[in-house]
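*Asks:* Please see the structure below; I have some questions.
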Amino acid sequence: MITSQPHRLTSGGLIDRSLLLNFRFDGKTFAGFQGDTLASALIANGVKLVGRSFKYHRPRGILTAGSEEPNALVELRTGARREPNTKATTAELYDGLEAASQNRWPSLRHDLMAVNQLFSPMFVAGFYYKTFMWPAKFWEAVYEPAIRRAAGLGRAAGVADPDHYDKTWAHCDVLIAGSGPAGLAAALAAGRSGARVILCEDDFALGGRLLADGGTIDGVPAAEWISRTLAELASLPDVRIMTRTTLFGVYDGGTYGAIERVNDHLPSPPEHQVRQRLWRIVAKRSIVAAGAIERPIVFAGNDTPGVMMASAMRSYIARYAATPAKRIALFTNNDDGWRTVEAALDAGLQIAAVVDARPDVSAAHRALAAKTGFAILNGFVSGVDGGKDGVRKISISLAGGARAEVEADGLAVSGGWNPAVGLTSSHRGRPKWQDDISAFVPDGAPPDMVAAGAANGAFGLGACLRQGFAAGAAAAQSAGHSGSAGTPPVADDEAFSLTPLWHVAGKGKAFVDYQHDVTAADIELAQREGFESVEHLKRYTTLGMATDQGKTSNVAGLAIMAAISGKSIPETGTTIYRPPYVPVAIGAFAGHHRDENFHATRLTPSHHWAVEQGAVFVDTGLWKRAQWYPRAGEKDWLETVIREVKAVRSGVGFCDVSTLGKIDVHGPDAGTFLDRVYINTFSNLAVGKARYGLMLREDGMVYDDGTTSRLAEDHYFLTTTTAKAGPVMQHLEFCRQVLFPQFDVQLTSVSDQWAQFSIAGPKTRDLLREIVDPAEDLSNEGFPFMGAREVSLRGGIRARLFRISFSGEMAFEISVPARYGDALVRNLMLAGKQFGVTPYGTEALGVMRIEKGHVAGPELNGTTTAADLGLGKMMSTKKDFVGRVMAGREALVAPDRQVVVGIKPTDRARRLRSGAHVVPKGEIPGPANDQGYVTSVCFSPMLDQWIGLALVERGRERIGEIVHAHDPLRGEDYDVELCNPVFYDPDGGRQRG
Amino acid sequence: MRIVCPFCGERELGEFTCLGDAKPLRPAAGASEDEVFDYVYLRDNIAGEASEHWYHGGGCRAWLKITRNTLTHEISSVEPAAGVGARQVAK
Amino acid sequence: MKYSIFSLARAAFSGHKNWQRTWRDASPKDRYDVVIIGGGGHGLATAWFLASEYGIRNVAVLEKGWIGSGNAGRNTTIIRSNYGLPGNTGFYELSMKLWERMEQDLNYNTMVSQRGVINLYHSDAQRDAYARRGNTMRINGIDAELLDLAAVKKMMPFLNFDNARFPVQGGLLQRRGGTARHDAVVWGYAHAASALGVDIIQNCEVTGFGRDANGKVTGVETSRGTIGAGKVGMAVAGSSSRVAAMAGLRLPIESHVLQAFVSEAIKPLIPNVMTFGAGHFYVSQSDKGGLVFGGDIDGYNSYAQRGNMPVMEDVCEGGMALMPMIGRVRLLRQWGGIMDMSMDGSPIIDKTPVDGLYLNAGWCYGGFKATPGSGLVFAHLLARDELHKEAARFRLDRFRRGAVIDEKGVGAQPNLH
Amino acid sequence: MAEFSWLSRSPLEHVLVVGAHGARDVAPGISLTEVRNFDLIQVMARRGKGAELANAAKVRFGMAAPDLPKAVSASDVTLIWSGPDQFLVLSKSGKHTIDILSQAFSQSASLSDQSHARALISVSGAKARAMLAKLSSLDLHPAAFPIYAAAATSIDHTSVNLWRGDDRPDGQAVFNLLVFASFAESLWHTMLDSAAEYGVDIGYSGELG
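Protein chains in written order, with this note's numbering: chain A, 9 to 1001; chain B, 4 to 94; chain C, 75 to 491; chain D, 4 to 212.
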């Protein structure tokens, strides 16, 4: 067990020294404490070099202590759980944590890719647009693979994510992002007022900057105020505090996205638990109290490990009791940076010097320097000596022009603070410039959202509390809660003075975007080449496009651009802020919907019976349908299907057709209504009869087909295809509610109410007589073709019988209430044993419909007209119906349209394939003679050869013509004869018999 | 987006389907090809407040006429289609 | 200045101080032979082809913001010519051929990467539809291969072949398809067009059309003054209806939002461009390492350039269903573009009923791949007043005549295309 | 002649396993109970006959049918609002079958039998709201969704009718769900996955309570 943590303070901090956690970084074992992040634990162990930059592979250390971190990115965990680009600054330490540095080879210390630095004079912004163009073939073969390998950062696991995710909803009156002083004060005010409150905190601890910076609130130390406040919030019934939860996006209508890292602080999620959970939060009001992000100053060598944001440095010291350096220099342009000096001194660390860009450092700070014995240098840091092992020496340009050097092993930098405007700007609102803090503050926030505290540009503790509290009270009130918010918490406001400083000109690479290696010189180059617009700048240099989303770089980059192009910063403007505010695992957005749960599965009532029969299933939309029922000894599916077809055509079989959409159309105007939606007439259909109907879209193309039966004067039972069940219901409701509101008609989907089976074959009646009440007349006279009525079954169950046929055989469809579907199918098997009854699947169904020339999905493909399908004569000319007028347009009635026709290979042994094209015989296939294509094919057991349907130009006029089937994809070319699409029993005698 | 269904109350976007512009009215029987063409194909495609048909298919199956700003997605009114009928929830 | 490894090396010695603007910062002149509204890929490509192919160099491209600020700058960078219907197939192949020579044409590395585009199929019906489409491609001289399951497994072993709700059965592959660097296409055309004398005028918003007594367009009113024009071409996908309305035209177009997403940069994971056939998801990996992916449009009319969560979730569900290895990869950015959704899902490149005004619109979410082809055929139309033979079916009156080009077969409902 | 049995088989019969599911180290936070036998009739008013239907309903059930998203209960029947001018009649023991109701409402409404088209599941327990929040976008807070509140809504992209019944004797809320029969098994899996972390107690009852 490793216990030594050389850079750990012996006391203080919010870590639990009694819980020692071992972890590994790049194969080396270290120890940290409960309460550490990976970054703080690495710092406590004296690790300075944590990563390599994207382009130049420069050594990089930890820069920040939060989600804005550009440098300290690691591959966290191993194997299938490896997570690339994980910010060490937000990764919670746990026992057994394993992390590895990225983007280096063979090792972090000895990264051969660092050779890129030699070429860095050429690898400027956008260099790749100017080269790698010759020879043309080399891009994919040589340059691109090399660039791709070099680019990217961490490695994804490359195997399925073993963890689970889920998604959930929450609703509240007031949603608060951030648990710093402003967020907690907002929660207090809103909660006390009686509002339902949700507060999301990114961190695992509540308090925001208070955790590191402390202070006095209501006369007590911040830590005590936090615990008091949390206790009060816990006592309120409708306040929910969520840690490890980041609000990442704002969507329309007060919907917010948040990600909860439920179990990322453990090696793996406990059983039955998820790794992360996506929250969709609906809130009447929201308050962004997400704080501010300290901004770097751009100077040469600012990426040397050991250069750190001042606030981060004091977070490590004060919150984690870890010392990034022993002898610290500060480079600041504002008062806040000085707090790091105070924190370092409190921890017993040395201050090498303070380089303050402002001439007018406060008396208090001067007194501190004098008392402690460090120098205040008015000037700028112009260079850093050091490397992989950190900062050694800092060069300073003094205000008077002289130079100075200071030895230090750490440099804290504060360029001021940028309010976190990501959330308030996520509806393309542009933040506005505020001069006194030289920063953008929220403006144009989405409706019902306000910012408070540092996120709103208020940097003093007292101001944060005041703003947060006021925002919380106002939000609760406007959400309809008028309870008293009580007294606001009170604290003093620290002084904050700042002199803007973005960039110290000088020799050496000065980084703006650390992760993407964008330097100040790159911005100058972009400007020189005309990429002055901030969006062009971003795109040309990739500034701000890294995993930190430009949180530390964007404003500095545009400030430098502003300076070069002689514009003000607000004139230069910001780029669009895009969600998510922090990167979110794709798995969380999918939640439960992956693998077999990607979409729901629909099962018919006979499903489990079919499983018992060994059926092979096919996905049809969401349905599982029995495709065929193989029997032992059958060598392939084709043999099975041929058996099933023959059994039907010679005896009797049945097929589950419960997946058809079924709609009750009720009401006195039901018939007239159907006349409007079908091309043919239904109002004159007799009760007890069924009719095939075809409906069009309003553009005149065929939409769907099916049989509709009239069960009573005011009750039709309409069926749709399986695929269109939902859309047709929506369409019919549109017709009912919007287009034809004058009709008294009601629609109800009864798809799931009925288990429906097609029973087909010459012995159908024999089989039915076994199960239908003997009193029912099933004779041709008593139940003629296209008859439809309710019957009783033996045993008292009522069923509906429809004498309709898709197979072309003597057939009935029978439907029973769905919970009897399983019993029906078993009874059919029992009753049908003597007739050799054979269950058949969708494949045999398809074969028989092709043999009969019935059109189905492949022909009803949304681009065919009724006439194309050979059904043009069904179109009534005596009534208005949806699609009637547009169906008459010139191109839809042109004589050279592709129409449905049958095809047979001239070589009877030849197999057909759908998707082959049809060209005239003897011609070389080309775009000009591409006359159509094969839509449906099958091996016809009745004709003992392959047959098919095709859409062919003028096909019906060309019956008997030999054409050429051209299938270059599968390397097949053969002749086929165009023929009548009804291959079997063209007179239809069998189905009427 | 959240839509306040006049019958169900406020609901999540995922329960609804948008059909599009509600301004074009289906021409009466006997209309010319040009009139029907206009109805089926031509759109004002307004950048601003537009009237649209939406279907609450994931809820009460009412067709709604919604006035929505296509620049901001803000919804200013939701009315049932003519053929829906029935009492509406308080707004 | 000619771009090459040599010029780059030379520049390195001078600290890159000598690079010129990539395109001239032009101010509007009083009059041009052709004014193109829209400084996106299509508008700039049109200008370049006018100058380079048709010898018309007195051309201005007007851009209301910064060039490439519309859909050229916010798409998923896919190029392909795997279309199945007459009218589309030939045109997109023309465009593909222009992609293949773009870098040499423009002296700009647009990173055209022919890494292959594969459309996966999950059912027999889908296979048959792809077979039909692939054969159309082959008949038009375009590469296409129908892969079976074994071939797909070999090429993409990381897909879910174990417990998928809709198992992959195969795919239609176009090896010549791939990606290109979208911004570079804009800059490359701007660079090359500017060098031939085309004026590229940014921050110049068109506010109206000048018309003569006969109604002929004589120029445009802009935020930078009146600019006369012999002909005016519109290439403003996303704003087509708004600009057309200034000339009194109504179009068979609706504006819809399409979201796109990019993940954090990771080492190479996905070799090609893939579309999931059982959900709304397509993906490729950029050279920088981000997974670039998208899905369906949000489904409601929008000019807001941002979408909502249901579609974002739907897309990620598709991604996880297809390749559950991306679960721990983080989504970094999401954005939305305004799509010119036409009534049949295919573009319109034609004269308009207004004399002197030419239309290039209706690209739905497929405009990027069409950029060079669209530029060429639109330039042809503007220069010759006749439809290019490979774009002869993209007529505006095809809706009226019923000669629609409806690849998806869903009719006059733009949000279904 | 063969003997036929007509066993009614619930769409959840195959998948429902009585007993404990999911986390065992906590007291079950969720109870899932399927009700297997019921009559369910969809009643939709004819055009302009809303008032007539309301009267007929009052006569038939002794209470007004809900015209807002609510459920109303009498001893032998629950009327659940399902959309404008429509409601569901949930009952047991054949008291309100389609044949009987068709008579009662013949002049004023269109009726469809949905008794076999749905599965009926009730969800209760301390974690019921947390679990349902994973499936439903509705606000089920007691103030927003009180006892007898009803909704026609979707879970997992599938239409459902959801309403709150009387609380359990221990004060826990009870949420009833009518889900499409063909989706039932799939939704059941989804519900179990959502509930597993809280510990689940699974059961069924033959009849409505």
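By construction, the Cβ of each residue, glycine as well, lies at the ideal position given by its N, Cα and C atoms. All values reported here derive from a predicted model rather than from experimental measurement.
1) Using 8 angstroms for Cβ pairs, my map puts A/Val-926 next to A/Gly-940. What's the rounded Cβ distance?
2) How far does the beta strand (DSSP E) with A/Pro-92 in it reach, from first residue to last?
3) Can you give me the C-alpha to C-alpha distance between A/Ala-164 and C/Leu-406, rounded to a whole angstrom?
4) Identify the contact partners of C/Thr-243 in chain A, using a Cβ-Cβ distance below 7 angstroms as the criterion.
5) Closest to A/Gly-514 by C-alpha separation, out of A/Phe-725, A/Ser-403, A/Val-758, would be which residue?
6) Closer than 8 angstroms, CB to CB, is C/Phe-232 near chain A or not?
7) Would you mind reading off the limits of the alpha helix (DSSP H) that contains C/Gly-449?
8) Kindly list the residues whose CB is nearer than 6 angstroms to the CB of A/Arg-918, restricted to its own chain and excluding five residues on each side of it in sequence; keep chain order.
9) Can you grab the Cα-Cα spacing for the pair C/Val-108 / C/Gly-117, in whole Å?
10) I want to verify the contact list: residues of chain A whose CB lies under 8 angstroms from the CB of D/Thr-193, in sequence order.
11) Would the beta-carbon of A/Thr-340 fall within 8 angstroms of that of A/Ile-359?
12) Flag this pair as touching only if the stretch 128-140 of chain C and the stretch 264-277 of chain C have three or more C-beta atom pairs under 8 angstroms; answer yes or no.
13) Could you tell me which residues DSSP puts in a beta bridge with D/Arg-27?
14) Is the stretch 419-430 of chain C touching the stretch 279-290 of chain C, taking contact as three or more C-beta pairs under 8 angstroms?
15) Of all the options A/Gly-424, A/Met-837, A/His-65, A/Gly-461, which has the alpha carbon lying nearest to the alpha carbon of A/Ser-505?
16) Give the straight-line distance between the Cα atoms of A/Ala-564 and A/Arg-204, rounded to the nearest whole angstrom.
17) List the whole-angstrom C-beta distance separating A/Gly-701 from A/Asp-713, where the pair is believed to meet the contact cut-off of C-beta under 8 angstroms.
18) Compute the distance between the beta-carbons of A/Val-542 and A/Leu-566, then report whether it is under 8 angstroms.
19) To the nearest angstrom, report how far apart C/Ile-422 and C/Gly-411 are at their CA atoms.
20) Mind checking if A/Trp-177 is an interface residue toward chain D, Cβ cutoff 8 angstroms exclusive?
21) Just grab the DSSP bridge partners of A/Glu-721 for me.
22) Please confirm if the stretch 33-53 of chain D is in contact with the stretch 194-211 of chain D, defined as three or more CB-CB distances below 8 angstroms between the two stretches.
23) At 9 angstroms on the CB atoms, spell out the chain C contacts of B/Glu-38, in chain order.
24) Can you tell me which of A/Arg-252, A/Pro-313, A/Gly-795 puts its alpha carbon nearest to the alpha carbon of A/Gly-395?
25) Along the chain, where does the alpha helix (DSSP H) containing C/Trp-173 start, and where does it finish?
26) Buried or exposed, going by whether 16 or more other CB atoms sit within 10 Å of the CB of A/Arg-512?
27) Report the CB separation of A/Ala-874 from A/Gly-865 in whole angstroms; it is logged as a contact under 8 angstroms.
28) Helix or strand or just coil, what does DSSP make of A/Glu-798?
29) If you draw a straight line from the alpha carbon of A/Pro-802 to that of A/Pro-825, how long is it in whole angstroms?
30) In the DSSP output, which residue or residues are listed as bridge partners for A/Arg-806?
31) In three-state terms, what does DSSP make of A/Pro-847?
32) Using the beta-carbon of each residue, which ones in chain B are nearer than 8 angstroms to D/Ser-157?
33) With 8 angstroms as the C-beta to C-beta threshold (strictly closer), list the residues of the stretch 321-337 of chain C near chain B in chain order.
34) Looking at the strands, I want to know which residues DSSP matches up with A/Ile-70.
35) Report the start-end ranges of each beta strand (DSSP E) in the stretch 298-385 of chain A that is 3 residues or longer and not cut off at the edges.
36) Would A/Ala-242 be called buried (16 or more neighbouring beta carbons within 10 Å of its own) or exposed?
*Replies:* Taking the coordinates as given:
1) Position 918 of the first sequence holds residue 926 of chain A. Position 932 of the first sequence holds residue 940 of chain A. That pair is a contact at about 4 angstroms.
2) The residue labelled residue 92 of chain A in the question sits at position 84 within the first sequence. Here the beta strand (DSSP E) through A/Pro-92 covers 91-95.
3) Mapped onto the first sequence, residue 164 of chain A falls at position 156. Mapped onto the third sequence, residue 406 of chain C falls at position 332. Each residue's Cα considered, the two are about 15 angstroms apart.
4) For the purposes of this step, residue 243 of chain C is identified with residue 169 of the third sequence, where counting begins at 1. Reading off the sequence shown, one finds Gln at residue 243 of chain C, where the question assumed Thr. Near C/Gln-243 there are no residues of chain A at all, since even the closest Cβ is about 10 angstroms away, more than 7 angstroms.
5) Residue mapping note: residue 514 of chain A aligns to position 506 of the first sequence, counting from 1. Of the listed residues, the one whose Cα sits closest to A/Gly-514 is A/Ser-403.
6) Locating residue 232 of chain C in the third sequence gives position 158, counting from the first residue. The beta carbon of C/Phe-232 falls within 8 angstroms of a beta carbon belonging to chain A, placing the residue at that interface.
7) As a first step, residue 449 of chain C is located in the third sequence; it is residue number 375 there, counting from the start. First-last of the alpha helix (DSSP H) with C/Gly-449: 445-458.
8) For this step, residue 918 of chain A is matched to residue 910 along the first sequence. Around A/Arg-918: Tyr-982.
9) In the third sequence, counting from the first residue as 1, residue 108 of chain C sits at position 34. In the third sequence, counting from the first residue as 1, residue 117 of chain C sits at position 43. Cα-Cα distance, rounded: 11 angstroms.
10) Position 190 of the fourth sequence, counting from 1, holds the residue named residue 193 of chain D. Neighbours of D/Thr-193 on chain A, chain order: His-600, Asn-605, Ala-608.
11) Sequence index remark: in the first sequence, residue 340 of chain A carries index 332 (1-based). Sequence index remark: in the first sequence, residue 359 of chain A carries index 351 (1-based). No; because the gap between Cβ atoms is not below 8 angstroms, this pair is not in contact.
12) They touch, by the three-pair rule.
13) Taking the fourth sequence and counting its residues from 1, one reaches residue 27 of chain D at position 24. DSSP, once it has assigned bridges, lists no residue as partnering D/Arg-27.
14) yes
15) Within the first sequence, numbered from 1, the residue matching residue 505 of chain A stands at position 497. The shortest C-alpha separation from A/Ser-505 is found at A/Gly-424.
16) What you label residue 564 of chain A is simply residue 556 of the first sequence in a count that begins at 1. What you label residue 204 of chain A is simply residue 196 of the first sequence in a count that begins at 1. When rounded, the distance between both Cα atoms is 39 angstroms.
17) Taking the first residue of the first sequence as position 1, residue 701 of chain A is located at position 693. Taking the first residue of the first sequence as position 1, residue 713 of chain A is located at position 705. Their Cβ separation, rounded to whole angstroms, is 7 angstroms, which keeps A/Gly-701 and A/Asp-713 in contact under 8 angstroms.
18) Numbered from its first residue, the first sequence carries residue 542 of chain A at position 534. Numbered from its first residue, the first sequence carries residue 566 of chain A at position 558. Yes; because the gap between Cβ atoms is below 8 angstroms, this pair is in contact.
19) Taking the first residue of the third sequence as position 1, residue 422 of chain C is located at position 348. Taking the first residue of the third sequence as position 1, residue 411 of chain C is located at position 337. Each residue's Cα considered, the two are about 19 angstroms apart.
20) Here residue 177 of chain A corresponds to residue number 169 of the first sequence, with the count starting at 1. By this cut-off, A/Trp-177 is an interface position.
21) Against the first sequence, residue 721 of chain A aligns to sequence position 713. A/Glu-721 is not bridged to any residue.
22) Yes, the stretch 33-53 of chain D touches the stretch 194-211 of chain D.
23) Start at 1 with the first residue of the second sequence, and residue 38 of chain B comes out as number 35. Chain C residues near B/Glu-38: none, gap ~12 angstroms exceeds 9 angstroms.
24) Here residue 395 of chain A refers to the residue found at position 387 of the first sequence. Minimum Cα distance to A/Gly-395 is reached at A/Pro-313.
25) Position 99 of the third sequence holds residue 173 of chain C. Counting along the chain, the unbroken alpha helix (DSSP H) around C/Trp-173 starts and ends at 162-174.
26) Numbered from 1 along the first sequence, position 504 holds the residue referred to as residue 512 of chain A. The sequence as given places Val at residue 512 of chain A; Arg does not occur at that position. Per the 10 Å Cβ criterion, buried.
27) To locate residue 874 of chain A, count along the first sequence from 1; it is residue 866. To locate residue 865 of chain A, count along the first sequence from 1; it is residue 857. That pair is no contact at about 16 angstroms.
28) On the first sequence, residue 798 of chain A is found 790 positions in, with the first residue counted as 1. Strand.
29) Numbered from 1 along the first sequence, position 794 holds the residue referred to as residue 802 of chain A. Numbered from 1 along the first sequence, position 817 holds the residue referred to as residue 825 of chain A. Here residue 802 of chain A is Arg; the residue named in the question, Pro, does not match the sequence. Roughly 15 angstroms separates the two Cα atoms.
30) By one-based count along the first sequence, residue 806 of chain A stands at place 798. DSSP lists A/Ser-800 as partners of A/Arg-806.
31) As a first step, residue 847 of chain A must be located in the first sequence, where it is residue number 839. If DSSP states are grouped into helix, strand and coil, A/Pro-847 belongs with the strands.
32) Numbered from its first residue, the fourth sequence carries residue 157 of chain D at position 154. Residues of chain B whose Cβ lies closer than 8 angstroms to the Cβ of D/Ser-157 are, in chain order, Gly-17, Glu-18, Gly-61, Gly-62.
33) Arg-324, Leu-325, Pro-326, Ile-327, Glu-328, Ser-329
34) Here residue 70 of chain A refers to the residue found at position 62 when the first sequence is read from its first residue. Paired residues: none, contrary to the question.
35) 300-302, 315-317, 335-340, 358-364
36) For the purposes of this step, residue 242 of chain A is taken as residue 234 along the first sequence, with counting starting at 1. Residue environment for A/Ala-242: exposed (fewer than 16 other C-beta atoms within 10 angstroms of its C-beta).
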